[in-house]
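Chemist:
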Amino acid sequence: MVNVLDRKLFRDLTRLKGQALTIALVVAVGVANYITLRSAWRALGDSRAAYYEQYRFADVFARLKRAPDSVAEQIHDVRGVATVYPRVVEEVLLPMDDMITPAHGQLISLPAHGRPPLNDVYVKSGRFPEPGRGNEVLVYEPFAEEHGLRPGSTIPAILNGKLHELIVVGLALSPEYVFAIEPGGITSDDERFAPMWMSESAIAAAFQMEGAFNDAVLRLEPGADERAVLVALDRILESYGGLGAYGRELQISDSILDGELAQIEAMVIVLPGVFLAVAAFLLNVVFSRMVTLQRGQIAVIKAVGYGNSTIALHYVKMVCVIVLIGSLMGVGLGAWLADAMLDLYATFFRLPMTRGRIDLPVAINAIIGSFLAALLGIGFAVRTAVTLPPAEAMRPPSPARYRASPIERVPGLRRVHQSTMMVFREIWRRPLRTVLSSAGIAFALAIIILGRFGKDAHGPILDLQFGRQQREDISVNFTNEVANRGLGYLAHLPGVDQVDGYRVTPVRFRSGARWRDSIVIGLPPDSHLRRLFNRQFRPARLPHSGLLITDVLADILDAKPGDIIEVELKEGDRGTRRVQISGTIDEAFGIQGYMQKSSLHELLREKPTINTALLRVDPAREAELQMRLTDIPTVQSIHRKRTLLERFEEQTGQTMQVITLILTLFATAIAVAVVYNNARVSLSVRSRDLATLRVLGFTRAEVSAILLGEQAVQVFLGIPFGLLLGTFGAQGLLELQADPEQFRMPMLIASRTYAFSVVVILAAAVLSALLVRRRLDSLDLIGVLKTRE
Amino acid sequence: MSEPNPNSEQSAILAAHDVSKVYQMGDVEVHALRGVNVSLYEAELMVLLGPSGSGKSTLLNILGALDVPSSGRVVYRGQDISGADERELTEFRREHVGFVFQFYNLVPSLTARENVALVTEISKTPLNPSEALELVGLTDRMDHFPAQLSGGEQQRVAIARAVAKQPKILLCDEPTGALDFKTGIRVLEVIDEVNRSLGTTTAVITHHAPIASMADRIISLSDGKVASERTNDEKVSPAELTW
């Protein structure tokens, strides 16, 4: 048996259905956001932890030229090292039949017996290569899928200059390649980059690495001093061509995954918080009005003997119904979105994802959070209802007191229309409501900007990087440096229009106690195919002497132009040189340093050489050229700029579109709810005034202007703040987004994005206003003559 | 049935001809007006008397173009307005009719002067708001908000607001209904003053029979029909009224 108060509750809610529904939607979006982000964060984080644990992901990584296996023993003796796994890792070209440019493989050795002690391989289908069968490999599953490879298929591979036919025996993933990005790449490219695992004896034979290793991965003992291990490791590997050891935070796959997790973690509180705050505010507005309208009813209910707690509970129940509907919608939406988000992540992050159907504690937290927000929202209204003495409640509330608003003191404004004055005074009477409504609009607008701005920087940054900076069509990396005259040979290959070459060398920059491993790029003075630009899209000049370093590197080293820093070479005589920083450059990618090519040769005490060649080519003859390049034994990798660009755009484009759409819809929910509910409440508060005006001869349009003028002011006040908030939010998000040492997206928001967000907000506001205006048309002109408020 | 009208139809500024109004209240049909004939003549002050439920407010609403009759015609200066659309009715109210309500219906966020200006801004030949407020004796209260005015003062502001556009017709619905005797008399004096000095045709509806003594003509309604209609030969000033 439903009691009478509950029946009142359901009837009140039916009457309020438009408002209840819009608020429930905002709650739903808040809950959905929380569930989506939190579930994705947990699924991704937990999957990573489990994967790393089960497949024994290493703590420390080091590349080197070549060291005898006995060196591994020395490393093992370092204090804090639990496990050392020496491996052979080699870059190979894969001239796939279905591609113009060869794909790049990274061959990783597998021990002769048993599984790798660290960085184990997760074989998804097939089996491990058998010892003694030299041409069997495990292939990275996404690459195999892109090329239709299955166990039993073959792959052509150029190992140390010789073409081999490798047999795929299994498809695999590895914790080392959750986000597979080839050395020097800017994004993952499953079509073009393939980690592959091969028996140690086979790789060693192909690369003359018997009894030696060129890559070491380490697991540390719990509580070990990682920094001390890195220093010790570098010292040991110094004479074996060590390129600098690093921890997990610089391991590319892990650092990208980590960045993503940090970003979700930052949003998991902020984004749902905004929605729930808006819901709380709207519930406050709507319930305050309801309690005012129901003063008489509350008095009667009290007069017949219901207690204060019953009345409080009555309103609390009412809000609970709204929040419950919103939460349930939110849980459903959240579960669906979380799944979609994880599907999206699964295309970037390759790891065995453990995902529950719905994360119950997360859902419960979200629901509790929204209930708390709602109770906070209606707290004042309920208190008013409870503290209303029965007799007082029977009398109409004392008339609203208005004051002249300060804006009227502005000369010239005193002469505005009375209807405009009504709008000003109403706003001035409830400044907090105006501020909070505008804040809601501002947040909605900011959310749209945040959902879209990423796209704005992409176009220009790609144009900068791949249009103005990298002017080549194809870049070729060599396994070793080749003499400058090699460029002459390349210039004569079919289809080559222009050729340029530069020299790259790995170094450790050191300034006092600070150091960082990176590279120095030596550019020829008249380089046509590689130019330097800063993030402000202005060309930068390479100084005649000294070192030009990215400003991020300067920060890391705490060095400034004019300072002399040490450059520890990792090839040649591996000496340490003192070099003056002649300038810094605010580039979008990397932490490299630049020098004149001739200065770099001096630094290395070598003859003029190159190890990267840049080619401008005739598209018609590109296929022929690619074949010739693939045949050159010293070629390590070939990059085709257009493919890289397309891949990048394809990947980011899809994700961006989905995010933009979802966030725009979410923001629209806020804008509609804010404008609709405010206008409804305003209509309820002022229906008598407005009906009076209609009787006095004001047209519907004129009366609408008064009611909706107030909403318009709130929207227009919210817009500039929203633009600012969106801009600052974008800045904050940028800082979280990527590892700043790899990629620094320029802060760039197109006017198109600002315009889009404003248009969406205005459209949502106009739509909501029109819904309310319909009610304005049915104002009771006659009733108003007889009733007293 | 009403008596034949002593005046010709031509001099009636606003007239209801055989007006009926039926409301549907759930399953019940309520006949608020049953074939009413009423005319308002240039510059007269007419009092419409009747008990609650007699249909006087319905009639006033129809005359003031707030409502349309179920049958019959409403003619303003020879023009039938009963078939007018929403826009035309608004236009008619805006141009020609001033309303005074029982509960004043001032806009609380506007001062007395601004409440009057609200109307003068949308009318073609308005009085100056201060002039209108002077007419109702509120010169010194012009910049007060409604919440700072007494009931009588508020009603006088409402009258000033109604007459400021210089309407042809002033319709007052129980203008003293929410006021005490003394204040009520003061308000009636203002209505009388407006009627005499500006020549505005005025209709006052009330259930207080004594108020009828200030009218030029008195119509009584009962059960949705005109019960009687008479000319008042012994018109007294509002100050002399008692009840």
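Protein chains in written order, with the working numbering: chain A, 398 to 1186; chain R, 376 to 618. In this text, a Cβ means the ideal position worked out from N, Cα and C, and glycines have one as well.
1) Using CA atoms only, rank isn't needed, just tell me which of Ile593(R), Ala584(R) and His519(R) is closest to serine 414(R).
2) Ignoring anything shorter than 3 residues, give me the beta strand (DSSP E) runs that lie fully in the stretch 838 to 883 of chain A, in order along the chain.
3) Step through the CB atoms of chain A and report whether any lies within less than 9 angstroms of the CB of isoleucine 497(R).
4) Measure the beta-carbon distance from proline 528(A) to tyrosine 482(A) and round it to whole angstroms, keeping in mind my assumption that it falls under 8 angstroms.
5) Please list the partners that threonine 465(R) has in chain A, where partner means a Cβ-to-Cβ separation under 8 angstroms.
6) The beta strand (DSSP E) spanning isoleucine 1158(A) covers which residue range?
7) Have a look at Ser436(A), Ser924(A), Leu535(A) and Ile695(A) and flag the residue whose alpha-carbon is nearest the alpha-carbon of glycine 898(A).
8) Do we get a CB-CB distance below 9 angstroms when we pair asparagine 503(R) with the residues of chain A?
9) Quick check on the DSSP output: the alpha helix (DSSP H) that includes isoleucine 472(A) runs from which residue to which?
10) I'd like the span of the beta strand (DSSP E) that includes phenylalanine 906(A), first residue to last.
11) Is it the case that the stretch 425 to 437 of chain A contacts the stretch 727 to 736 of chain A, given that we only count it when at least three CB pairs across the two stretches are under 8 angstroms?
12) So the beta strand (DSSP E) methionine 595(A) belongs to, where does it begin and stop?
13) For chain A, check one thing: does any of its Cβ atoms lie closer than 9 angstroms to the Cβ of aspartate 442(R)?
14) Skipping 5 residues on each side, what residues in its chain have a beta carbon closer than 7 angstroms to that of threonine 1049(A)?
15) Can alanine 735(A) and isoleucine 432(A) be called in contact, C-beta distance under 9 angstroms?
16) Give me the chain R residues within the contact set of glutamate 1046(A), using Cβ-Cβ distance strictly less than 7 angstroms, ordered along the chain.
17) Counting only the same chain and skipping the five closest in sequence on each side, list residues whose C-beta sits under 6 angstroms from that of proline 585(R).
18) Report the three-state DSSP secondary structure of glutamate 378(R) (helix, strand or coil).
19) Give the C-beta separation of isoleucine 978(A) and glycine 943(A) to the nearest angstrom, bearing in mind that I take them to be a contact with Cβ-Cβ under 8 angstroms.
20) Would you mind listing the beta strand (DSSP E) stretches within the stretch 1026 to 1101 of chain A that are 3+ residues and don't spill past its ends, in chain order?
21) What residues are listed by DSSP as bridge partners for histidine 392(R)?
22) What are the boundary residues of the beta strand (DSSP E) that includes leucine 424(R)?
23) Put glycine 442(A) into one of helix, strand or coil per three-state DSSP.
24) Can a CB atom of chain R be found closer than 9 angstroms to the CB of alanine 1166(A)?
25) Tell me whether tyrosine 799(A) sits in a helix, a strand or coil according to DSSP, three-state version.
26) Below 8 angstroms on C-beta distance, what does histidine 814(A) contact in chain R?
27) Can you tell me which of the three DSSP states isoleucine 988(A) falls into?
28) Where do the N-terminal and C-terminal ends of the beta strand (DSSP E) with alanine 479(A) fall, by residue?
29) Is asparagine 877(A) buried or exposed, if buried means 16 or more other CB atoms sit within 10 Å of its CB?
30) Could you tell me the distance, in whole angstroms, from the CA atom of aspartate 955(A) to the CA atom of proline 539(A)?
31) Which ranges would you report for the alpha helix (DSSP H) in the stretch 629 to 696 of chain A if only whole runs of at least 4 residues count?
32) Beta-carbon within less than 7 angstroms of valine 1069(A)'s beta-carbon, same chain only, minus the 5 sequence neighbours each way: which residues are those?
33) Quick check: the Cα distance between alanine 910(A) and proline 903(A), rounded to an integer number of angstroms?
34) Leaving out five residues on either side along the sequence, give the residues of the same chain with a beta carbon under 8 angstroms from the beta carbon of glutamate 1021(A).
35) For isoleucine 761(A), list the residues DSSP reports as bridge partners.
36) For tryptophan 825(A), which of helix, strand or coil comes out of DSSP?
Modeler: Reading it off the structure:
1) Residue Ile593(R) is the option with its Cα nearest to serine 414(R).
2) Listed in chain order, they are 871 to 880.
3) True, the Cβ-Cβ gap to chain A drops below 9 angstroms.
4) Approximately 17 angstroms separates the beta-carbon atoms of proline 528(A) and tyrosine 482(A); this is outside 8 angstroms, ruling out the contact.
5) Going along chain A in sequence order, the residues near threonine 465(R) (Cβ under 8 angstroms) are Arg1091, Gly1094, Phe1095, Thr1096 and Arg1097.
6) Premise fails: isoleucine 1158(A) lies in the alpha helix (DSSP H), 1148 to 1173, not in any beta strand (DSSP E).
7) Checked all of Ser436(A), Ser924(A), Leu535(A) and Ile695(A); the closest Cα to glycine 898(A) is Ser924(A).
8) No, its Cβ sits nowhere closer than 9 angstroms to a Cβ of chain A.
9) Its alpha helix (DSSP H) spans residues 467 to 473.
10) Per DSSP, phenylalanine 906(A) belongs to the beta strand (DSSP E) from 893 to 908.
11) Flag = yes, the stretch 727 to 736 of chain A and the stretch 425 to 437 of chain A touch.
12) Where methionine 595(A) is concerned, the enclosing beta strand (DSSP E) starts and stops at 590 to 596.
13) Flagged as an interface residue toward chain A: aspartate 442(R), by a C-beta distance shorter than 9 angstroms.
14) Non-local C-beta neighbours of threonine 1049(A) in its own chain, meaning closer than 7 angstroms and more than five positions away in sequence, comprise His855, ordered along the chain.
15) Yes, the Cβ-Cβ distance between alanine 735(A) and isoleucine 432(A) is below 9 angstroms.
16) Chain R residues near glutamate 1046(A): none, gap ~55 angstroms exceeds 7 angstroms.
17) Cβ-Cβ distances below 6 angstroms link proline 585(R) to Leu616 and Trp618 in the same chain, with the five nearest sequence neighbours on each side left out; the list follows chain order.
18) With a pLDDT of 39 at glutamate 378(R), under the threshold of 50, the modelled position of that residue is not reliable, and no figure is offered here.
19) Correct: roughly 6 angstroms between the Cβ atoms.
20) For the stretch 1026 to 1101 of chain A, the full-length beta strand (DSSP E) segments reaching 3 residues or more read 1032 to 1037 along the chain.
21) The partner list for histidine 392(R) (beta bridge, DSSP) reads Arg448(R).
22) That run of the beta strand (DSSP E) goes 420 to 424.
23) For glycine 442(A), the three-state secondary structure derived from DSSP is helix.
24) Closer than 9 angstroms: no.
25) In the structure shown, the three-state DSSP call for tyrosine 799(A) is coil.
26) Result: Glu496.
27) Secondary structure of isoleucine 988(A) (DSSP, three-state): coil.
28) Run containing alanine 479(A): 478 to 484, per the beta strand (DSSP E) assignment.
29) Exposed is the label assigned to asparagine 877(A), since fewer than 16 other Cβ atoms lie within 10 Å of its Cβ.
30) Computed Cα separation, rounded: 41 angstroms.
31) Qualifying alpha helix (DSSP H) stretches, in chain order: 649 to 690.
32) Residues of the same chain with a CB within less than 7 angstroms of the CB of valine 1069(A), apart from the 5 flanking positions on each side, are Thr419, Ala1161, Leu1164 and Ser1165 in chain order.
33) Their Cα atoms are separated by approximately 19 angstroms.
34) Within the same chain, glutamate 1021(A) has close Cβ partners Pro891 and Gly892.
35) According to DSSP, which records beta bridges pairwise, isoleucine 761(A) is partnered with nothing at all.
36) It is helical.
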